[in-house]
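Trainee: Heads up, the final residue of the sequence shown is numbered 63 in our numbering, and it's a clean run with no missing numbers. This structure is in structure tokens; I'll ask about it shortly.
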Amino acid sequence: MDRQERGPSWLAKHLHCNRQNVYDIFKRESCDTALLLKISNILKRDFFQTLSKNVGKEEP
């Protein structure tokens, strides 16, 4: 979002929720795939590809 000069309010508008919900999403350790797909489409970034690169790697 920073690279696209977008803020939480902008994302909230596109997710059709309020800004506090976006902050709550940021605090989560995980999110469901439907939400991740929405965010990926809104930001035009494939977060699934980013995650799949870590498959098989140990978590810190």
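The C-beta atom is built at its ideal place from N, Cα and C for all residues, glycine as well.
1) Within a Cβ cutoff of 8 Å, which residues of the same chain sit near asparagine 24, ignoring the five residues on either side of it in sequence?
2) So, helix, strand or coil for asparagine 21, using DSSP?
3) I'd like the span of the alpha helix (DSSP H) that includes serine 55, first residue to last.
4) Among Phe50, Ser33 and Cys34, which has the Cα closest to the Cα of leucine 4?
Mentor: On the basis of the data shown:
1) In the sequence shown, counting from the first residue as 1, residue 24 sits at position 21. Hits under 8 Å: Ala15 and Leu18.
2) Here residue 21 refers to the residue found at position 18 when the sequence shown is read from its first residue. Asparagine 21: coil per DSSP, three-state reduction.
3) Here residue 55 corresponds to residue number 52 of the sequence shown, with the count starting at 1. Per DSSP, serine 55 belongs to the alpha helix (DSSP H) from 50-55.
4) Reading the sequence shown from its first residue, position 1 is the one you call residue 4. Checking the sequence shown, residue 4 turns out to be methionine, not leucine. Ranking Phe50, Ser33 and Cys34 by Cα distance to methionine 4 puts Phe50 first.
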